[in-house]
Amino acid sequence: MARANGIKTDHIYQVNESKQSDRISANVSGLFGTMRIALNDNLLNQSTPVEVKAVMAHEIGHYAMGQIYEMLLYFAIIFMFGFLFVHWTFAGLLKRYGEGWQIRDIGDIAGWPVFMLLFGIYMFLMTPVLNGIVRSHEVKADQFAINLTHQPDAWATIAMKTSTYRKVNPGYWEEVIFYDHPSPRSRVWMAMNWKAAMQPVLDGQLSE
Ligand SMILES: [Zn+2]
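Residue numbers for the sequence shown follow the working numbering, so the first one is 3 and each next one is one higher.
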């Protein structure tokens, strides 16, 4: 699967996660020549080979679709607005309290705690946006995985196995605001929709 999608197979690693937790997980990271996919040992120990294949295909999707670069761009834009937010709110606070706090300007190191507080508030307010961006990438990688493997059932069962640390069936807004991955329910739903829509193709009705 990796070779079919232009990925060198020497960039795939196993992580010893079981020392620290029993979560099943995998990820892709790195840039340019250093990009690699890591599967943790919990995944390899707790899943069927077909489920591991489905997860592998999902990670290949992140990698093959170049989502890391897209993410860097999004984060650069979000941070830029964050600095603008701090710039404006810092100036407002300084006008009112600057003398009492003995802070000269935004370049004064004494203002660092205020700077970090304001940036923290901004990042907190941006939580749904950040989660939405990450989640949209996850949905694309899910689709990529099922398209590559034609294993919607394995994708559904491995999604349910993440229920040890991820709530299966959150409310609509709960998922929109707080989830950086689709909920297991959404993933099973997507996999089953794929299966229903693709059934004629899988049955060979549309082949030559
Ligand atoms: Zn992912």
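No residue lacks a Cβ here, since even glycine has one placed at the ideal position from N, Cα and C.
Bridge-paired residues (DSSP) for residue i
| i | result |
| --- | --- |
| R187 | Its beta-bridge partners do not exist; DSSP assigns none. |
Nearest neighbour of residue i, chosen from the options [CA to CA]
| i | options | result |
| --- | --- | --- |
| F180 | K142, I111, R137 | R137 |
| Q69 | L46, V30, L95 | V30 |
| I135 | G122, S188, I80 | I80 |
| A156 | M200, V190, V178, S165 | V190 |
| D24 | H13, Q201, T166, H60 | T166 |
| A47 | V17, V116, I111 | According to the sequence displayed, residue 47 carries Asn and not Ala. Comparing Cα positions, the closest option is V17. |
| E177 | Q22, F92, L204, T129 | T129 |
| D43 | H183, M37, I14 | I14 |
| V52 | D107, K142, A158 | A158 |
| L33 | K163, E140, H64 | H64 |
Coarse secondary structure for residue i, derived from DSSP in three states
| i | result |
| --- | --- |
| I123 | helix |
| Q201 | helix |
| Q207 | coil |
| R98 | helix |
| Q69 | helix |
| I79 | helix |
| G113 | helix |
| M194 | helix |
| I179 | helix |
In chain order, which beta strand (DSSP E) runs of at least 3 residues are fully inside the segment 15 to 56? 28 to 31, 38 to 42
Could you name each continuous alpha helix (DSSP H) segment of 4 residues or more that falls completely within the segment 130 to 176, going from the start of the chain to the end? 154 to 163
Validate contact between the segment 137 to 152 and the segment 45 to 61 using beta carbons, cut 8 Å, 3 pairs: yes
Do three or more CB pairs link the segment 89 to 107 to the segment 190 to 203 at distances below 8 Å? no
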